[in-house]
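Before any comments, here is the structure.
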């Protein structure tokens, strides 16, 4: 007989995945990134493991205004599907999700204006075919406290759900499934040193569900509530600039027990980046069946690119002025908006954080024209195989796979292998 956690997992994942897979997995990995190499790696991993690829865009990456990637939801869908077509990955095995969809990008505006922008964003996501929507209305807008009361958060979530339902009906799409929750870790990680995090209390989770039920009913979208598949809670997992709070199952027992009283629901775990494989498996065992990862993957890519940058200098036999590190430092200093409110301390500490923080705010700068051109120039420096000894010195994450002949010692292959090394434990934890 299935336990309540196993039953909930099966019901919720069936609503999300339908008949796209032969065997329903234990959970699913949610790749939250807009970097082309990360998307390619996620599709390759899903193909290898014969499962779906759940790829999500955040409100700060992709919205109707283009955000920092310059992509609207429709653009992002084409971007992902083009990558899949190039690899021969079936389009019908891709699930697109929208993460932290709410007024966050416009929270400096008055509430009415910010919510109007959020409604337009939700409509754009649903019209573009995004099937999984995280309703995140927990942040205050201009003139409001930073954190809102549960009832107001639920009221605004229901407002956005109504817009999503109307958009799906208008364009003839299947209405999406929803993620709700108020105890959301900061997008991209914490900005302070982490000691021990407070785990969400079971009664807080039950209240979240209760106030959303009431708000959805009041807004006339009870049917949308039936497609809520998960709640975002804090299981004691997070990363900051310099350290990671690891999952401790013993601290989450009471929270996990709350799932027994919420039929058909599971938990979605945010900020699971940098968790060891054992922790990821334990999270899924406990009902945290959706594991979200993003900065940890671009962190692995940045490691690989910086390693290749060092190898290029060694092979050249001289110090180079046109290093990737130097370019990224210039780009970030000239446009500090994506990091200066996240990295604190004296100038030297901020410099280290710009390049090496777990929060990986450098990921916002890869689309910059100078950054992209420098990466392409770097990869073009390597015409053939890279010596294994230099891979051992500068790319330790992938060296064992190179020696085992599982990965070619070529620059682009090494970048993909580095991302995959960070991604593989997630698929291992979630696939049955």
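Numbering (the numbering used here), first residue to last: 1143 to 1574.
Note that the Cβ used here is the ideal one computed from N, Cα and C, for glycine as well.
No experiment lies behind these values; they were computed from the predicted model shown.
- The region 1188-1201 makes no contact with the region 1399-1410; the number of CB pairs closer than 8 Å stays below 3.
- The beta carbons of residue 1397 and residue 1341 sit closer together than 8 Å.
- Apart from sequence neighbours up to five positions away, the residues of its chain that approach residue 1507 with a beta-carbon distance below 8 Å are 1470, 1473, 1474, 1477, 1480 and 1513, ordered along the chain.
- Note: residue 1190 is not bridge-paired with any residue in the DSSP secondary-structure output.
- Taking the CA atoms as reference points, residue 1543 sits about 29 Å from residue 1383.
- In terms of CA proximity to residue 1308, 1363 leads the group 1288, 1363, 1286 and 1272.
- In the DSSP assignment, residue 1172 falls within the beta strand (DSSP E) that extends over 1170-1174.
- In the same chain as residue 1562, and ignoring 5 residues on each side of it, the C-beta atoms closer than 8 Å to its own belong to 1183, 1186 and 1187, in chain order.
- Looking at 1567, 1375 and 1385, the one whose alpha-carbon comes closest to that of residue 1435 is 1567.
- In the DSSP assignment, residue 1370 falls within the unbroken beta strand (DSSP E) covering 1370-1374.
- For residue 1241, the enclosing beta strand (DSSP E) starts and ends at 1236-1243.
- For the 8 Å CB-CB criterion, residue 1374 and residue 1321 form a contact.
- Pairwise C-beta distances place the region 1289-1303 out of contact with the region 1428-1442, as fewer than three of them are shorter than 8 Å.
- The secondary-structure analysis by DSSP pairs residue 1200 across a beta bridge with 1241.
- Remark: three or more beta-carbon pairs, one from each stretch, lie closer than 8 Å, so the region 1256-1268 and the region 1234-1244 are flagged as touching.
- Here the alpha carbon of residue 1222 sits roughly 7 Å from the alpha carbon of residue 1181.
- By the criterion of at least three beta-carbon pairs nearer than 8 Å, the region 1542-1560 is not in contact with the region 1153-1166.
- Listed in chain order, the non-local C-beta contacts of residue 1423 below 8 Å within the same chain comprise 1570 and 1571, local neighbours out to five positions each way being set aside.
- A distance below 8 Å between beta-carbons, with the five flanking residues on each side excluded, links residue 1404 to the following residues of its chain, in chain order: 1150, 1347, 1348, 1351 and 1373.
- Assignment of alpha helix (DSSP H) within the region 1225-1288, counting only whole runs of 4 or more residues, yields 1253-1269 in chain order.
- Taking 4 residues as the shortest admissible run, the region 1417-1467 contains the following complete alpha helix (DSSP H) segments, listed from N- to C-terminal end: 1419-1427 and 1437-1458.
- When rounded, the separation of the alpha-carbon atoms in residue 1467 and residue 1450 is 11 Å.
- The beta-carbon distance between residue 1266 and residue 1214, rounded to whole angstroms, is 6 Å. This is short enough to meet the 8 Å contact definition.
- Residue 1425 places its beta carbon 8 Å or farther from that of residue 1440.
- If you ignore the 5 residues before and after residue 1273, its C-beta comes within less than 8 Å of the C-beta of 1158, 1237, 1238, 1239, 1316, 1318 and 1319, all in its own chain and listed in chain order.
- For residue 1320, the three-state secondary structure derived from DSSP is strand.
- The continuous stretches of alpha helix (DSSP H) do not include residue 1411, which lies in the beta strand (DSSP E) extending over residues 1408-1411.
- If you check the CB distance, residue 1367 and residue 1355 come in under 8 Å.
- For residue 1202, the closest of 1210, 1541 and 1264 by C-alpha to C-alpha distance is 1210.
- Your pair residue 1361 and residue 1304 checks out as a contact, with CB atoms roughly 5 Å apart and the cut at 8 Å.
- For residue 1457, the closest of 1523, 1429 and 1487 by C-alpha to C-alpha distance is 1523.
- The three-state secondary structure of residue 1524, taken from DSSP, is coil.
- Residue 1532 is positioned such that its CB atom lies no closer than 8 Å to that of residue 1553.
- For residue 1305, the secondary structure class from DSSP, reduced to helix, strand or coil, is helix.
- Taking the Cα positions, residue 1371 is about 34 Å away from residue 1483.
- Ranked by Cα distance from residue 1448, the options 1146, 1548, 1538 and 1235 are led by 1538.
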